[in-house]
Amino acid sequence: MKSPSQHRPRLIVTADDFGLHEAVNEAVESGYRDGVLRAASLMVAAPAVADAVARAKQSPGLAVGLHLVLADGRAMLPPTRIPDLVDGLGMFDSNMVRNGFRFFFLPHVRRQLADEIRAQFEAFAATGLKLDHVNAHKHFHLHPTILTLMLSIGREYGVRAIRLPSEPGMGPWLRPWLALMRWRLDRAGVAYNDHVFGLRHSGGMDEAVMLEILEQLPDGLSEVYLHPASHGQLSDSMANYRHSDELAALLSPRVRQTIADRYRLCDGFSDPAALAI
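In this text, residue positions in the sequence shown follow my numbering: the first is 189, and each later residue adds one.
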């Protein structure tokens with residue numbers, strides 16, 4: 189017979205952009221050690237990745253996944269290898285619509301995209317960390333070409349779980365894309381969450397928002413993701429993010445108690461409890 193806790197909705201709490209800045213890495217370490225954070229998604233080409241890997245190895249219970257960066261961030265490969273993807277400094281732009289069309293229709297761009305995705309998987313493998321999950325920065329893996337490459341290349345690196353960016357209340361235009369994504373993940377034998385929270389309140393996941401979300405988690409497996417940092421503005425694209433408030437939410441005794449009272453907090457997707465039926 190299952191214990192009462194096994195019947196509870198299951199929850200993974202994740203920090204994205206691990207490795208972007210030492211302030212993020214500090215928040216991940218603190219959120220795991222003193223709060224409810226249980227997973228982090230690593231940017232392997234980001235400026236503070238070495239510090240992030242070192243902190244992860246000092247926190248062996250932290251579930252670390254790959255945060256594929258294919259927009260608004262730094263590439264792993266040099267610009268000479270992927271000239272149609274990045275500028276002269278090796279940075280992706282943030283025009284995801286334009287790039288999405290290019291990925292789909294231009295074979296030479298798609299080949300460069302595959303090379304970059306493989307390079308990021310290879311860089312993660314080189315850290316020696318166990319791969320818990322994969323997701324893409326700005327949820328670009330909703331794009332069918334990116335998902336195809338993520339699945340085919342990721343299979344070689346042991347991908348077992350991918351974030352499904354499906355938040356209750358999202359617009360109906362996304363439903364066909366999400367249904368296709370579910371079908372493809374099921375077909376590939378890759379695990380995924382039933383629900384995600386963090387899209388609508390990205391950058392503003394403070395204690396009040398966290399408690400509001402925790403009042404109404406549906407059955408199944410939910411992932412709540414945040415962008416915590418110990419201080420400061422980290423990038424122009426996140427100028428309005430309240431990183432320190434998100435860290436405070438992870439450390440909040442009220443948040444911790446609410447989770448303990450209502451949910452089964454899982455240690456990433458690799459936790460057997462996460463995918464238990």
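Even for Gly, the Cβ is constructed at its ideal location relative to N, Cα and C.
inquiry  = Is it buried or exposed, residue 471, if we count other Cβ atoms within 10 angstroms and call 16 or more buried?
reply    = What is shown of the chain runs 189 to 465, which leaves residue 471 out entirely.
task = Would you list the one or two residues that DSSP bridges to residue 253?
result = Taking the sequence shown and counting its residues from 1, the one referred to as residue 253 is at position 65. Residue pairing of residue 253 in beta bridges, as defined by DSSP: 229.
Contacts around residue 214, its chain only, beta-carbon distance under 7 angstroms, and the 5 residues preceding and following it disregarded = By one-based count along the sequence shown, residue 214 stands at place 26. Correct list, in chain order: 418.
inquiry  = Which residues does DSSP list as the beta-bridge partners of residue 350?
reply    = In the sequence shown, counting from the first residue as 1, residue 350 sits at position 162. Looking at the DSSP assignment, residue 350 forms a beta bridge with 322.
request  = Grab the span of the alpha helix (DSSP H) containing residue 220 for me, first residue to last.
outcome  = Taking the first residue of the sequence shown as 1, we reach residue 220 at position 32. Residue 220 -> alpha helix (DSSP H) spans 210-222.
ask   = Going straight from the alpha carbon of residue 374 to that of residue 401, what length do you get?
value = Here the question's residue 374 lines up with position 186 in the sequence shown. Here the question's residue 401 lines up with position 213 in the sequence shown. Looking at the two C-alpha atoms, the distance is approximately 27 angstroms.
ask   = Would DSSP call residue 294 helix, strand or coil?
value = The residue you call residue 294 lines up with position 106 of the sequence shown. It is coil, neither helix nor strand.
key: Close-in-space but distant-in-sequence residues of the same chain around residue 291 (CB under 8 angstroms, 5 per side omitted)   = Stepping through the sequence shown from its first residue, residue 291 is reached at position 103. For residue 291, where only same-chain residues beyond five positions count, the Cβ hits under 8 angstroms are 297, 298, 301, 331, 333 and 334.
query = Taking the Cβ atom as the reference point for each residue, do residue 486 and residue 393 lie within a distance shorter than 8 angstroms?
reply = There is simply no residue 486 to check, as the chain begins at 189 and stops at 465 in what is shown.
request  = Label residue 283 either buried or exposed according to how many other C-beta atoms from any shown protein chain fall within 10 Å of its C-beta, with 16 as the threshold for buried.
outcome  = On the sequence shown, residue 283 is found 95 positions in, with the first residue counted as 1. Answer is exposed; the Cβ neighbour count stays below 16.
task = Let me know the secondary structure DSSP gives residue 198 once reduced to three states.
result = Here the question's residue 198 lines up with position 10 in the sequence shown. If DSSP states are grouped into helix, strand and coil, residue 198 belongs with the strands.
inquiry  = Taking DSSP's pairing of strands, which residues face residue 206 in a bridge?
reply    = Stepping through the sequence shown from its first residue, residue 206 is reached at position 18. 230, per the DSSP bridge assignment.
inquiry  = Suppose you measure from the CA of residue 451 to the CA of residue 220; what does that come to, to the nearest Å?
reply    = As a working note, residue 451 is residue 263 in the sequence shown. As a working note, residue 220 is residue 32 in the sequence shown. So the alpha carbons of these two residues sit roughly 17 angstroms apart.
request  = For residue 458, count neighbouring C-beta atoms within 10 Å of its own C-beta (all shown protein chains included) and say buried if the count is 16 or more, exposed if not.
outcome  = Your numbering for residue 458 matches position 270 in the sequence shown. It is buried - the Cβ of residue 458 has at least 16 other Cβ atoms within 10 Å.
Cβ neighbours of residue 353 in the same chain (closer than 7 angstroms, five flanking residues each side left out) = Position 165 of the sequence shown, counted from the first residue, corresponds to residue 353. In the same chain as residue 353, and ignoring 5 residues on each side of it, the C-beta atoms closer than 7 angstroms to its own belong to 327, 330, 384 and 387, in chain order.
ask   = Roughly how many angstroms lie between the CA atoms of residue 271 and residue 340, to the nearest whole one?
value = Translated into the one-based positions of the sequence shown, residue 271 becomes position 83. Translated into the one-based positions of the sequence shown, residue 340 becomes position 152. So the alpha carbons of these two residues sit roughly 23 angstroms apart.
ask   = When the Cα atoms are used, what is the spatial distance from residue 310 to residue 344?
value = As a working note, residue 310 is residue 122 in the sequence shown. As a working note, residue 344 is residue 156 in the sequence shown. Rounded to the nearest angstrom, the two C-alpha atoms are 10 angstroms apart.
task = Return yes when the Cβ of residue 216 is within less than 8 angstroms of the Cβ of residue 203, no when it is not.
result = Along the sequence shown, one-based indexing puts residue 203 at 15. Along the sequence shown, one-based indexing puts residue 216 at 28. By the CB criterion at 8 angstroms, residue 203 and residue 216 fall inside the cutoff.
ask   = Taking DSSP as the reference, what is the three-state secondary structure of residue 410?
value = Mapped onto the sequence shown, residue 410 falls at position 222. Of the three classes helix, strand and coil, the one that applies to residue 410 here is strand, per DSSP.
Proximity of residue 250 and residue 305 at Cβ, strictly below 8 angstroms = To locate residue 250, count along the sequence shown from 1; it is residue 62. To locate residue 305, count along the sequence shown from 1; it is residue 117. The answer is no: Cβ separation not under 8 angstroms.
message = Which residue marks the beginning of the beta strand (DSSP E) containing residue 384, and which one marks its end?
response = As a first step, residue 384 must be located in the sequence shown, where it is residue number 196. Taken as a continuous stretch (DSSP letters only), the beta strand (DSSP E) holding residue 384 covers 383-385.
query = Would you call the CB atoms of residue 207 and residue 231 closer than 8 angstroms?
reply = Here residue 207 refers to the residue found at position 19 when the sequence shown is read from its first residue. Here residue 231 refers to the residue found at position 43 when the sequence shown is read from its first residue. Going by C-beta atoms, residue 207 is nearer than 8 angstroms to residue 231.
Residue 347 versus 308, 363 and 357, residue with shortest Cα-Cα distance = One-based indexing of the sequence shown puts residue 347 at position 159. Here the closest residue by C-alpha is 308.
ask   = Would you say residue 152 and residue 226 are within 8 angstroms of each other, going by their C-beta atoms?
value = The question about residue 152 has no answer, for the chain in this structure spans 189 to 465.
inquiry  = Quick check on this structure: which residue in 278, 273, 277 and 313 has the alpha carbon closest to the alpha carbon of residue 294?
reply    = Your numbering for residue 294 matches position 106 in the sequence shown. The option with the nearest alpha carbon to residue 294 is 273.
Host alpha helix (DSSP H) of residue 400 (start-end) = Stepping through the sequence shown from its first residue, residue 400 is reached at position 212. 395-402 is the extent of the alpha helix (DSSP H) around residue 400.
Nonlocal neighbours in the same chain, by C-beta distance under 7 angstroms from residue 342, ignoring five residues either side = Taking the first residue of the sequence shown as position 1, residue 342 is located at position 154. So the qualifying residues of the chain are 309 and 322.
key: Endpoints, alpha helix (DSSP H) assigned at residue 341   = Your numbering for residue 341 matches position 153 in the sequence shown. Note, residue 341: alpha helix (DSSP H), 332-344.
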